[in-house]
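Novice:
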Amino acid sequence: MFQPEYEKRLLQGLGIPGASGREHSDLRCIPSRARNNWERNYHLTADPNPVIAEQLHNSPYACLLRNELLDSEVSSIDECKRSKNILLDTGDFTEKENIRVFGYGNYTPPNKTARHPFSRISEASRRLLCSPTSAVRRITRLPYKVLDAPELQDDFYLNALDWSSKDILGVGLGCSLYLWSAVDSQVTRLCDLSDEDNLITAVKWHSGGKELAVGTNHGSVAIWDVDREKQISSLSGHISRVTALDWRGNSLASGSRDRSILQRDIRTNTITSCLQGHSQEVCGLQWSPTWEYLASGGNDNRLLIWTAQSPEPLHKFTAHNAAVKALGWSPHKSGLLASGGGTADRCLRFWNVISGQMVQSVDTGSQISNLAWSRNSSELVTTHGFGQPQIVVWRYPSLKQVVNLSGHNRRVIYLAVSPDGKSIVTGGGDETLRFWNVFTERKQPQAPRSALNLFSNIR
1054 MFQPEYEKRL LQGLGIPGAS GREHSDLRCI PSRARNNWER NYHLTADPNP
1104 VIAEQLHNSP YACLLRNELL DSEVSSIDEC KRSKNILLDT GDFTEKENIR
1154 VFGYGNYTPP NKTARHPFSR ISEASRRLLC SPTSAVRRIT RLPYKVLDAP
1204 ELQDDFYLNA LDWSSKDILG VGLGCSLYLW SAVDSQVTRL CDLSDEDNLI
1254 TAVKWHSGGK ELAVGTNHGS VAIWDVDREK QISSLSGHIS RVTALDWRGN
1304 SLASGSRDRS ILQRDIRTNT ITSCLQGHSQ EVCGLQWSPT WEYLASGGND
1354 NRLLIWTAQS PEPLHKFTAH NAAVKALGWS PHKSGLLASG GGTADRCLRF
1404 WNVISGQMVQ SVDTGSQISN LAWSRNSSEL VTTHGFGQPQ IVVWRYPSLK
1454 QVVNLSGHNR RVIYLAVSPD GKSIVTGGGD ETLRFWNVFT ERKQPQAPRS
1504 ALNLFSNIR
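Next up, the structure:
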């Protein structure tokens, strides 16, 4: 078919070894491809990025192809992510039922929506294309504001920071208590105990944002009227420093190094009950959202659950191997409590106080100094000390980390949540207060609009 000289030059141009000495050959021309050209010529990737592969797998285009080619009936992106019968997820296809190899005549699959005669795509694909897409959540890894906080005590057991419902931050710096307004950034020194050589050890706002409880190193608790900048009462009873405070209406609970928890009625300045259950300093104290349960954590590694009706603890949890300071009740599920352990424990644990059982646990790898739940979503944030001074946002109940934030040069000790539930402020041993946007905003329900409403069409 070819002249011998032309065939020889052709084989030499293809780079076939030994072609120069070949006189007779078949006429099949198989090109030689180098190993490093396969990916370029056939668009292959040897080791794809698993994150990118998952994004491509869950893309609307991939879901649309599954509907049209594999008849997957995926009508939303969430269903596509939950699908488990795709080869990429399971490694095997699920055998479909009622597939006839030799089928004559029209056949409609059972439980399937018939395709519209004028539609080029299936009904599931049409719903997929019309389904709303969720907005991409972006969390800034840098604080949006940093304040200098000189004399902020580097003490794991203190709770000298809180954010009021009126958007005012209260923080104890040494012997002084300062107020910082998040509205106009105005700073006010509410009290100064330097003459008494008395340190501010605990701060807690009333839910109304008018009264502020202040615990001191000498064991006293002062109630301040912030609007008038006046102390309205002074409560005694502890013989050592007060490290934890929490309100229950007109009642104030205080935990101390003297191992006791006192509950007082601030209207009469009387002690209504004294709870004895810890063998060392009480460093965590928080009422449940319904005021039914009181959780207390101590340096004795114990987590106790109290009720207002009994002076004895309802539950005694001893799973932690270090001090329990970080406490947080879930605002979304009744009776769900989260707790964090100190350096020797490092575990974030979840408890069902109704049944008295531990639900979940995860090792965070570092000391947990504080935690707080999001009011708008099923997420919570933890602050960490020795090990890794950082801030971690978790998604519950999967306990996957949403974001990991770092900025403090030393351990993070203090934490407070803004009144809108979107931002947090953290205080560290580096004597700084850092403000972060970590949570989502609550979506306000919108009233349904109707074309029959005459007032909605008036301009």
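Going left to right, the sequence shown walks through residues 1054 to 1512 as this note's numbering numbers them. A virtual CB, placed ideally from N, CA and C, is assigned to each residue, including glycine.
#1: Tell me whether cysteine 1327 is buried or exposed, calling it buried when 16 or more other Cβ atoms sit within 10 Å of its Cβ.
#2: Check whether the segment 1200-1219 touches the segment 1376-1389, taking contact to mean three or more Cβ pairs, one atom from each stretch, closer than 8 angstroms.
#3: Spatial neighbours of valine 1335 within its chain, please: CB distance less than 7 angstroms, with the 5 preceding and 5 following residues excluded, ordered by chain position.
#4: Have a look at phenylalanine 1488 and aspartate 1278 and give me their C-alpha separation to the nearest angstrom.
#5: Arginine 1194 to serine 1459, Cα distance in whole Å?
#6: For asparagine 1251 and arginine 1190, what's the separation of their Cα atoms in angstroms?
#7: For a test of the three-state rule: what should DSSP assign to alanine 1115, helix, strand or coil?
#8: Just the C-alpha distance for histidine 1259 and asparagine 1303, rounded to the nearest angstrom, thanks.
#9: With H, G and I counted as helix, E and B as strand and the rest as coil, what does DSSP make of arginine 1179?
#10: If you draw a straight line from the alpha carbon of threonine 1436 to that of glutamine 1284, how long is it in whole angstroms?
#11: Restricting to runs no shorter than 3 residues, where is the beta strand (DSSP E) found entirely within the segment 1322-1388?
#12: Quick one: residues in its chain with C-beta nearer than 7 angstroms to the C-beta of lysine 1257, no 5 flanking neighbours on either side, listed in chain order?
#13: Less than 8 angstroms between the CB atoms is what I'm expecting for tryptophan 1404 and valine 1415, so what's the real figure, rounded?
#14: Does the segment 1422-1442 come into contact with the segment 1464-1480, if we say contact requires no fewer than three beta-carbon pairs (one atom in each stretch) closer than 8 angstroms?
#15: For proline 1196, count neighbouring Cβ atoms within 10 angstroms of its own Cβ and tell me buried if that reaches 16, exposed if not.
#16: What ranges does the beta strand (DSSP E) occupy inside the segment 1255-1307, keeping only unbroken runs of at least 3 residues that lie completely in it?
#17: DSSP three-state label for serine 1247, please.
#18: If you measure between the beta carbons of valine 1224 and leucine 1401, is that distance less than 8 angstroms?
#19: Which runs of the beta strand (DSSP E) at least 3 residues long sit entirely within the segment 1440-1471? Give them in chain order.
#20: Quick one: what's got a C-beta closer than 7 angstroms to isoleucine 1444's C-beta in the same chain, skipping five residues either side?
#21: Give the DSSP bridge partners of lysine 1198, in chain order.
#22: Taking the alpha-carbon of lysine 1369 as reference, which of Pro1472, Asp1220, Tyr1346, His1461 has the nearest alpha-carbon?
#23: Suppose you measure from the CA of lysine 1183 to the CA of glutamate 1176; what does that come to, to the nearest Å?
#24: Quick one: give me the first and last residue of the beta strand (DSSP E) that cysteine 1228 is part of.
#25: What is the DSSP secondary structure of threonine 1147, counted as helix, strand or coil?
#26: Quick one: what does DSSP say asparagine 1429 is sitting in, helix, strand or coil?
#27: Distance, Cα to Cα, proline 1203 vs histidine 1331?
#28: Rounded to whole angstroms, what's the CA-CA distance from arginine 1399 to alanine 1425? Just pull it up for me.
#29: Name the DSSP bridge partner or partners of valine 1240?
#30: Under the rule that 16 or more other beta-carbon atoms within 10 Å means buried, what is alanine 1306, buried or exposed?
#31: Applying the 10 Å Cβ sphere with the 16-neighbour rule, what's the burial state of isoleucine 1477?
#32: For leucine 1315, name the three-state secondary structure that DSSP assigns.
#33: For the beta strand (DSSP E) containing serine 1476, list its first residue and its last residue.
#34: Count the other CB atoms, across all protein chains shown, that sit within 10 Å of the CB of tryptophan 1344; report buried if there are 16 or more and exposed otherwise.
#35: Look at arginine 1294 and threonine 1325 and say whether their C-beta atoms are less than 8 angstroms apart.
#36: At the level of alpha carbons, what is the spacing between serine 1341 and serine 1383?
Specialist: According to the data block:
#1: Here residue 1327 corresponds to residue number 274 of the sequence shown, with the count starting at 1. Burial call: exposed.
#2: yes
#3: Your numbering for residue 1335 matches position 282 in the sequence shown. Counting only Cβ-Cβ distances below 7 angstroms, and skipping sequence neighbours, we find Thr1296, Ala1297, Gly1308, Ser1309, Arg1312, Ile1314, Ser1349, Gly1351.
#4: Stepping through the sequence shown from its first residue, residue 1488 is reached at position 435. Stepping through the sequence shown from its first residue, residue 1278 is reached at position 225. Those two C-alpha atoms are separated by around 26 angstroms.
#5: Within the sequence shown, residue 1194 is the residue found at index 141, counting from 1. Within the sequence shown, residue 1459 is the residue found at index 406, counting from 1. In a straight line, the C-alpha of arginine 1194 is about 8 angstroms away from that of serine 1459.
#6: Here residue 1251 refers to the residue found at position 198 when the sequence shown is read from its first residue. Here residue 1190 refers to the residue found at position 137 when the sequence shown is read from its first residue. In a straight line, the C-alpha of asparagine 1251 is about 45 angstroms away from that of arginine 1190.
#7: Within the sequence shown, numbered from 1, the residue matching residue 1115 stands at position 62. Helix at alanine 1115.
#8: Stepping through the sequence shown from its first residue, residue 1259 is reached at position 206. Stepping through the sequence shown from its first residue, residue 1303 is reached at position 250. Cα to Cα, histidine 1259 sits roughly 9 angstroms from asparagine 1303.
#9: Taking the sequence shown and counting its residues from 1, the one referred to as residue 1179 is at position 126. Helix.
#10: Position 383 of the sequence shown, counted from the start, is the residue given in the question as residue 1436. Position 231 of the sequence shown, counted from the start, is the residue given in the question as residue 1284. If you take the alpha carbons of threonine 1436 and glutamine 1284, they lie about 32 angstroms apart.
#11: 1323-1329, 1335-1340, 1346-1351, 1356-1360, 1363-1370, 1377-1382
#12: The residue labelled residue 1257 in the question sits at position 204 within the sequence shown. The answer, listed in chain order, is Asp1215, Ala1266, Leu1298, Asp1299, Trp1300.
#13: Within the sequence shown, residue 1404 is the residue found at index 351, counting from 1. Within the sequence shown, residue 1415 is the residue found at index 362, counting from 1. Contact flag wrong, Cβ pair sits at about 13 angstroms.
#14: yes
#15: Looking up residue 1196 in the sequence shown gives position 143. Under this definition proline 1196 is a buried residue.
#16: 1264-1269, 1274-1278, 1283-1288, 1295-1301
#17: Along the sequence shown, read from residue 1 onward, the residue named residue 1247 stands at position 194. The answer is helix: DSSP assigns serine 1247 an H, G or I state.
#18: Here residue 1224 refers to the residue found at position 171 when the sequence shown is read from its first residue. Here residue 1401 refers to the residue found at position 348 when the sequence shown is read from its first residue. Their beta carbons are not under 8 angstroms apart, which means valine 1224 does not touch leucine 1401 by this criterion.
#19: 1444-1448, 1453-1458, 1465-1470
#20: In the sequence shown, the residue the question calls residue 1444 occupies position 391. Here the set comprises Val1434, Thr1436, Leu1458, Val1465, Thr1479, Trp1489.
#21: The sequence position of residue 1198 within the sequence shown is 145, counting from 1. Bridge partners of lysine 1198: Phe1488.
#22: Counting from one through the sequence shown, the residue named residue 1369 turns up at place 316. For the residues Pro1472, Asp1220, Tyr1346, His1461, the minimum Cα distance to lysine 1369 belongs to Tyr1346.
#23: In the sequence shown, counting from the first residue as 1, residue 1183 sits at position 130. In the sequence shown, counting from the first residue as 1, residue 1176 sits at position 123. Residue identity check: residue 1183 is cysteine in the sequence provided, not lysine. Answer to the nearest angstrom: the Cα atoms are 11 angstroms apart.
#24: Position 175 of the sequence shown holds residue 1228. Unbroken run through cysteine 1228: none, as it is neither H nor E.
#25: Taking the sequence shown and counting its residues from 1, the one referred to as residue 1147 is at position 94. Legend: pLDDT at threonine 1147 = 41, less than 50; position of this residue unreliable, value from coordinates given subsequently. Threonine 1147 falls in the coil class under three-state DSSP.
#26: In the sequence shown, residue 1429 corresponds to position 376, counting from 1. Asparagine 1429: coil per DSSP, three-state reduction.
#27: Residue 1203 sits at position 150 when you count from the first residue of the sequence shown. Residue 1331 sits at position 278 when you count from the first residue of the sequence shown. Proline 1203 and histidine 1331: Cα-Cα distance of roughly 33 angstroms.
#28: Locating residue 1399 in the sequence shown gives position 346, counting from the first residue. Locating residue 1425 in the sequence shown gives position 372, counting from the first residue. Their backbone Cα atoms lie some 16 angstroms apart in a straight line.
#29: Residue mapping note: residue 1240 aligns to position 187 of the sequence shown, counting from 1. DSSP lists Trp1233 as partners of valine 1240.
#30: For this step, residue 1306 is matched to residue 253 along the sequence shown. Looking at its Cβ environment, which holds 16 or more other Cβ atoms inside 10 Å, alanine 1306 is buried.
#31: Numbered from 1 along the sequence shown, position 424 holds the residue referred to as residue 1477. Buried, because 16 or more other Cβ atoms sit within 10 Å of the Cβ of isoleucine 1477.
#32: One-based indexing of the sequence shown puts residue 1315 at position 262. Correct three-state label for leucine 1315: strand.
#33: By 1-based counting over the sequence shown, the position of residue 1476 is 423. 1476-1481 is the span of the beta strand (DSSP E), which, as asked, contains serine 1476.
#34: As a working mapping, residue 1344 is identified with position 291 in the sequence shown. By the neighbour-count rule (16 or more Cβ atoms within 10 Å), tryptophan 1344 is not buried but exposed.
#35: Within the sequence shown, numbered from 1, the residue matching residue 1294 stands at position 241. Within the sequence shown, numbered from 1, the residue matching residue 1325 stands at position 272. Cβ atoms of arginine 1294 and threonine 1325: not closer than 8 angstroms.
#36: Stepping through the sequence shown from its first residue, residue 1341 is reached at position 288. Stepping through the sequence shown from its first residue, residue 1383 is reached at position 330. Distance between the alpha carbons of serine 1341 and serine 1383 is about 8 angstroms.
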